[in-house]
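For reference, the structure discussed in these notes is given below.
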Amino acid sequence: MDSILLITVILTAVVLVVGAYVVAKLVGPRSYNPVKGQPFECGIPTRGSSWIPVHVGYYLFAILFLMFDIETLFLYPWAVVVKQFGVMALASVGFFMLVLVFGLAYAWRKGALEWK
Amino acid sequence: MFDFSNITSWLHNLLSVTCGLGDFWTILIECILVGVCILAGYAILAIILIFMERKVCAWFQCRLGPMRVGPWGIFQVFADVLKMLIKEIFSVDGADKVLYYIAPFLVIIASVGTFSFLPWNNGAQVLDFNVGLFLMSAISSIGIVGIFMAGWGSNNKYSVVSAMRGAVQLISYEMSLALCLITAVVLTGTMKVSGIVDAQTGAFGWLIFKGHIPAIIAFLVFLVAGNAEANRGPFDLAEAESELTAGYHTEYSGMGFGFYYLAEYLNLFVVSGIAATVFLGGWAPFNIGVAGVDSVLDMIPGIVWFLGKTFGIVFLLMWVRWTFPRLRVDQILKLEWKYLMPLCLINLILMTVVVAFGWHF
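Protein chains in written order, with UniProt numbering: chain A, 1 to 116; chain B, 1 to 361.
Quick look at the structure:
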């Protein structure tokens, strides 16, 4: 039943978007002129392509994110059983955290967290 | 406490036994009802939140806010929705059409998906998985992809910058959010949302009382990270209207823009709702262990407790939004990676110590 409900929720969201688009298409006006299709650039024509290389800093943070997001992925199942395992859970996650904090400290020291 | 599952099981019996419908038709009708309820709640809350935001913002700036359409301007939002619906939908030349049109779907799916995890009352919850919180954060990260696709697909330089900023900000703050939720899961021992609320009933049972110092730190960090995740307040870099016109939704007209607007406000509600559920007990009433007072507080329905807590946090986040100036992108990343992340990791260890040695209430 739960998986059916999840599908229902996703379908509801899709129906909301499609429904609103269809209504808007039906009742909205339609007209065309070449200026209307231009990308907005505060009143002047856009020069060159919009898909330009961007600052490399974004990628550094994305790579760091991959590392730490997988870490949180491993922590979720661990968090459920902390109450059963008590001090044992603390010891095991302590080592795990040590490695991670070492990684974060390394990135920090190397200047990966600076925005240049 | 009133149990909403009485109503759902009565409805199930009515459809399957009294009306004699087969399994397929029963489930189909129930699913349609669920969908209608979600859409109705979604629309009503969006209208309430947009009106509330305008009034709160106006009062913080010593203005009156919308006053013309209806008494105290309560029909202003309806007028705006109508206006959005009857505007023409057109796309920009040279846009990546596939990304451009799929993006609103992803944003709305993430928003509706997380919205249906909220526990409104005892038994009144659409999705209740045993991996609840985990699945919820998984669904919420679909929205990041939507925002990135919208910005990248728009063929607009402002939008591309906005997409990059939005992506780096949202993925960064997602980690603090997840670590705060894990801190709560350590104490409750379950990821099921109804289980988390059940663990918080009883005298001073809310997590911020039970888990004292680590839980309060987690709650505060969750509010900051949640505010960033909802793309609001001092963290609205992705749609910084004074630098990037409207950011990733610059090139969306009419209802296309409306979806992002809708999702933004509902995400605010969802973040507040999760904070209220995980740390302030959801629909669980505030009990102090004195039988007379508790029975009076228990008489207040759960949905009133839930909405009261949630709208309290919504007001707090609106207060923050209209008080602080917008941060720069380097400040945002510094705040997350150098302050909140290490704080969350230390806090998680602290909570584990508290739970392992039984120092909680």
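Backbone N, C-alpha and C fix where the C-beta goes; we use that ideal spot for every residue, glycine too.
Pick from the options that is closest to residue i, judged by C-alpha positions
i, options, result
"residue 346 (chain B)", "A:45, A:90 and A:114", "A:90"
"residue 146 (chain B)", "B:110, B:9, B:350 and B:314", "B:110"
"residue 315 (chain B)", "B:5, B:53 and B:25", "B:53"
"residue 72 (chain A)", "B:361, B:177 and B:159", "B:177"
"residue 234 (chain B)", "B:261, B:48, B:169 and B:184", "B:169"
"residue 334 (chain B)", "B:173, B:192 and B:287", "B:173"
"residue 44 (chain A)", "A:51, A:52 and A:35", "A:35"
"residue 136 (chain B)", "B:206, B:275, B:95 and B:91", "B:275"
"residue 200 (chain B)", "B:17, B:209, B:254 and B:281", "B:281"
"residue 351 (chain B)", "A:93, A:60, A:24 and A:99", "A:93"
"residue 181 (chain B)", "B:156, B:167, B:107 and B:208", "B:208"
"residue 82 (chain B)", "B:318, B:71 and B:254", "B:254"
"residue 15 (chain B)", "B:8, B:6, B:7 and B:26", "B:26"
"residue 89 (chain B)", "B:158, B:144 and B:252", "B:252"
"residue 47 (chain A)", "B:73, B:19, B:133 and B:158", "B:158"
"residue 326 (chain B)", "B:4, B:239 and B:123", "B:239"
"residue 115 (chain A)", "A:60, A:82, A:77 and A:79", "A:60"
"residue 121 (chain B)", "B:338, B:317 and B:303", "B:303"
"residue 5 (chain A)", "B:241, B:284, B:125 and B:226", "B:125"
"residue 39 (chain B)", "B:77, B:11, B:266 and B:22", "B:266"
"residue 317 (chain B)", "B:262, B:221, B:356 and B:69", "B:221"
Range covered by the alpha helix (DSSP H) that runs through residue i
i, result
"residue 13 (chain A)", "2 to 27"
"residue 214 (chain B)", "212 to 229"
"residue 267 (chain B)", "255 to 279"
"residue 187 (chain B)", "157 to 188"
"residue 84 (chain A)", "82 to 85"
"residue 103 (chain B)", "97 to 115"
"residue 83 (chain B)", "76 to 85"
"residue 146 (chain B)", "142 to 153"
"residue 6 (chain B)", "5 to 13"
"residue 195 (chain B)", "193 to 198"
Distance between residue j and residue i (C-alpha atoms, nearest Å)
i, j, result
"residue 154 (chain B)", "residue 189 (chain B)", "44 Å"
"residue 97 (chain B)", "residue 10 (chain A)", "22 Å"
"residue 102 (chain B)", "residue 236 (chain B)", "23 Å"
"residue 38 (chain A)", "residue 243 (chain B)", "19 Å"
"residue 32 (chain B)", "residue 3 (chain A)", "15 Å"
"residue 129 (chain B)", "residue 193 (chain B)", "8 Å"
"residue 88 (chain A)", "residue 340 (chain B)", "27 Å"
"residue 140 (chain B)", "residue 171 (chain B)", "11 Å"
"residue 323 (chain B)", "residue 56 (chain B)", "11 Å"
"residue 49 (chain B)", "residue 43 (chain B)", "10 Å"
"residue 51 (chain A)", "residue 152 (chain B)", "8 Å"
"residue 230 (chain B)", "residue 68 (chain A)", "21 Å"
"residue 113 (chain A)", "residue 293 (chain B)", "52 Å"
"residue 331 (chain B)", "residue 28 (chain B)", "50 Å"
"residue 268 (chain B)", "residue 300 (chain B)", "25 Å"
"residue 24 (chain A)", "residue 86 (chain B)", "6 Å"
"residue 175 (chain B)", "residue 31 (chain A)", "46 Å"
"residue 184 (chain B)", "residue 17 (chain A)", "34 Å"
"residue 46 (chain B)", "residue 3 (chain B)", "26 Å"
"residue 247 (chain B)", "residue 6 (chain B)", "47 Å"
"residue 257 (chain B)", "residue 26 (chain A)", "17 Å"
"residue 99 (chain B)", "residue 106 (chain B)", "10 Å"
"residue 361 (chain B)", "residue 287 (chain B)", "14 Å"
"residue 65 (chain A)", "residue 17 (chain B)", "52 Å"
*asked:* Output needed in chain order: residues of the region 219 to 245 of chain B with a Cβ under 9 Å from some Cβ in chain A.
replied: Per Cβ criterion, the list reads 245.
*Enumerate, from N- to C-terminal direction, the unbroken alpha helix (DSSP H) stretches of 4 or more residues contained entirely within the region 287 to 359 of chain B.*
291 to 299, 302 to 321, 329 to 334 and 341 to 356
*Pull out every residue of the region 55 to 85 of chain A whose Cβ sits closer than 7 Å to any Cβ of chain B, in chain order.*
Within the region 55 to 85 of chain A, those residues whose Cβ lies closer than 7 Å to any Cβ of chain B are, in chain order, 58, 61, 62, 65, 68, 69, 72, 75, 76, 79, 80, 82 and 83.
*Of the residues that make up the region 25 to 36 of chain A, which ones have a beta carbon closer than 9 Å to any beta carbon in chain B?*
Residues of the region 25 to 36 of chain A with a C-beta less than 9 Å from any C-beta of chain B: 25, 27, 28, 29, 30, 31, 32, 34 and 36, listed in chain order.
_At a CB distance below 7 Å, what residues from the region 75 to 87 of chain B approach chain A? Give them in sequence order._
Flagged, chain order: 85, 86 and 87.
*Please name the residues in the region 319 to 340 of chain B whose beta-carbon is closer than 8 Å to at least one beta-carbon of chain A, in chain order.*
329, 330, 333, 334, 337 and 338
_Against chain A, which members of the region 262 to 290 of chain B pass a CB distance test of less than 7 Å?_
none
*Of the residues that make up the region 83 to 113 of chain B, which ones have a beta carbon closer than 7 Å to any beta carbon in chain A?*
85, 86, 87, 88, 89, 90, 92, 93, 104, 105, 108, 109, 112 and 113
*Run through the region 34 to 82 of chain A for me and flag every whole alpha helix (DSSP H) of 4 or more residues, listed as ranges in chain order.*
57 to 80
*Going along the chain, which residues of the region 26 to 51 of chain B sit with their C-beta nearer than 8 Å to a C-beta in chain A?*
27, 31, 34, 35, 38, 39 and 42
*For the region 5 to 69 of chain B, which segments carrying the alpha helix (DSSP H) assignment without a break, of at least 4 residues, lie completely within its bounds, in sequence order?*
5 to 13 and 23 to 60
_What are the residues in the region 89 to 101 of chain A lying within 8 Å of chain B by C-beta distance?_
89, 90, 93, 94, 97, 100 and 101
_Please list, in chain order, the residues of the region 134 to 150 of chain B that have any C-beta partner in chain A closer than 8 Å._
So the list reads 134, given in the order they occur along the chain.
_Near-chain A residues of the region 171 to 182 of chain B - C-beta to any C-beta below 8 Å_ = Those would be 171, 172, 174, 175, 178, 179 and 182, in chain order.
*Cβ-based contacts, 7 Å cut-off: residues of the region 344 to 361 of chain B near chain A*: 345, 349, 352, 353, 355 and 356
*Residues of the region 3 to 20 of chain A with a CB closer than 8 Å to any CB of chain B: list them in chain order, please.*
Answer in chain order: 4, 5, 6, 8, 9, 10, 11, 12, 13, 14, 15, 16, 17 and 20.
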